[in-house]
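**Student:** Using this note's numbering, the letters of the sequence shown correspond one by one to residues 956 to 1150.
Glycine included, C-beta positions come from ideal geometry on N, C-alpha and C.
Got a structure here, written out as structure tokens. Questions coming.
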Amino acid sequence: MTRLLLVNDDGIGAIGLSRLKAAADTVSDDVWTVAPAAERSGASHAISLTRPIRARKLGEHEFAVDGSPVDCVALALSALLDRPPDLVLSGVNRGPNLAGDVLYSGTCGAAREAALRGIPAAALSVASVPGKDDDWGGVDAYLAPLLAQLTAARVSAFLNVNFPSLPAEAIAGTQVTRTGSYPPGCPGNRHRRGA
């Protein structure tokens, strides 16, 4: 049975994590959630070295951790799970992770940590627009099929997926790209959001 580990940087109570859990439950009966107890956006690849990390058990396979997203992955793999997951899914982050954002993002940091440990991983984000309400229609329509593809493919890498903040019917399709860069002088998404 495929085991999925869900993490994020928006915190255990985040709407994106609940949507990810709902989609993950459609493709696996072995879903674990190990997420920060509070928001840790912009935590990048931070890992705790000088203080103990505590996890609070919220459910049979659900834990809130008083550390960074990378701490969540490390703790899950070293202490909370009895065997490694087949796939780590990080998100669904509120706000896009584009260009240099992937270096600042705790969402991407968690997925990158899993990949560094040899576990396929995907960072998932909804490309929300500041000042506008998020539209989760595309995420709700396309996330479960994407997870089914990822679990079947066993991709041995770290993928960064950004869903448009649009209704499903307004999304024309998917596009595979490389990480780009912001134009000179543009501070990037993280600085605009204040994360």
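So within the stretch 1075-1146, which uninterrupted alpha helix (DSSP H) runs reach at least 4 residues, ignoring any that extend past its ends?
**Tutor:** Runs found: 1092-1108.
**Student:** Report the residue from 969, 968, 1137 and 1030 whose alpha carbon sits nearest the alpha carbon of residue 1054.
**Tutor:** For the purposes of this step, residue 1054 is identified with residue 99 of the sequence shown, where counting begins at 1. The shortest Cα separation from residue 1054 among 969, 968, 1137 and 1030 belongs to 1137.
**Student:** Cβ atoms of residue 1034 and residue 953: under 7 Å apart, would you say?
**Tutor:** Residue 953 cannot be examined here, being either before or after the span of the chain that is shown, 956 to 1150.
**Student:** Bridge partners of residue 960, per DSSP?
**Tutor:** Position 5 of the sequence shown, counting from 1, holds the residue named residue 960. 987 and 1043.
**Student:** Residue 1119 and residue 1140: beta carbons closer than 7 Å?
**Tutor:** Locating residue 1119 in the sequence shown gives position 164, where the first residue counts as 1. Locating residue 1140 in the sequence shown gives position 185, where the first residue counts as 1. For residue 1119 and residue 1140, no; Cβs fall outside 7 Å.
**Student:** In this structure, what does DSSP give as the bridge partners for residue 1020?
**Tutor:** The count along the sequence shown starts at 1 and reaches residue 1020 at position 65. Its beta-bridge partners are 991 and 1010.
**Student:** I'd like to know if the stretch 978-991 and the stretch 1022-1037 are in contact, where contact means that at least 3 CB-CB pairs between them fall below 8 Å.
**Tutor:** Because the criterion of three Cβ pairs below 8 Å is met, the stretch 978-991 and the stretch 1022-1037 touch.
**Student:** What is the DSSP secondary structure of residue 1072, counted as helix, strand or coil?
**Tutor:** Numbered from its first residue, the sequence shown carries residue 1072 at position 117. Looking at residue 1072 - three-state DSSP - the assignment turns out to be coil, as it is neither helix nor strand.
**Student:** In the DSSP output, which residue or residues are listed as bridge partners for residue 1052?
**Tutor:** Against the sequence shown, residue 1052 aligns to sequence position 97. Bridge partners of residue 1052: none, in fact.
**Student:** Who are the Cβ neighbours of residue 1023 in its own chain at under 6 Å, not counting the five residues just before and after it?
**Tutor:** As a first step, residue 1023 must be located in the sequence shown, where it is residue number 68. 995, 998 and 1001.
**Student:** Leaving out five residues on either side along the sequence, give the residues of the same chain with a beta carbon under 6 Å from the beta carbon of residue 1123.
**Tutor:** Position 168 of the sequence shown, counting from 1, holds the residue named residue 1123. Here the set comprises 1092, 1093 and 1096.
**Student:** What do you get for residue 1149, buried or exposed, if any count of 16 or more other CB atoms within 10 angstroms of its CB means buried?
**Tutor:** On the sequence shown, position 194 is the one that residue 1149 refers to. Caution applies to residue 1149, whose pLDDT of 40 falls short of 50 and renders its modelled position unreliable; the model cannot decide the point.
**Student:** Cβ atoms of residue 964 and residue 1050: under 7 Å apart, would you say?
**Tutor:** Position 95 of the sequence shown, counted from the start, is the residue given in the question as residue 1050. Position 9 of the sequence shown, counted from the start, is the residue given in the question as residue 964. Taking 7 Å as the Cβ cut-off, residue 1050 and residue 964 do not qualify as a contacting pair.
**Student:** Can you tell me which of the three DSSP states residue 966 falls into?
**Tutor:** For the purposes of this step, residue 966 is identified with residue 11 of the sequence shown, where counting begins at 1. Here residue 966 sits in coil by DSSP.
**Student:** If you drop the 5 nearest sequence neighbours on each side, which residues of the same chain put their C-beta closer than 6 Å to that of residue 1135?
**Tutor:** Here residue 1135 corresponds to residue number 180 of the sequence shown, with the count starting at 1. Once the five neighbours on either side are set aside, the close Cβ partners of residue 1135 are 1054.
**Student:** Report the three-state DSSP secondary structure of residue 1025 (helix, strand or coil).
**Tutor:** The sequence position of residue 1025 within the sequence shown is 70, counting from 1. Helix.
**Student:** Using the Cα positions of residue 1047 and residue 1117, report the straight-line distance between them to the nearest angstrom.
**Tutor:** Locating residue 1047 in the sequence shown gives position 92, counting from the first residue. Locating residue 1117 in the sequence shown gives position 162, counting from the first residue. Rounded to the nearest angstrom, the two C-alpha atoms are 9 Å apart.
**Student:** For residue 1077 versus residue 978, is the C-beta distance shorter than 7 Å?
**Tutor:** For this step, residue 1077 is matched to residue 122 along the sequence shown. For this step, residue 978 is matched to residue 23 along the sequence shown. Cβ atoms of residue 1077 and residue 978: not closer than 7 Å.
**Student:** Once DSSP output is grouped into helix, strand and coil, what is the label at residue 1066?
**Tutor:** Numbered from 1 along the sequence shown, position 111 holds the residue referred to as residue 1066. Helix.
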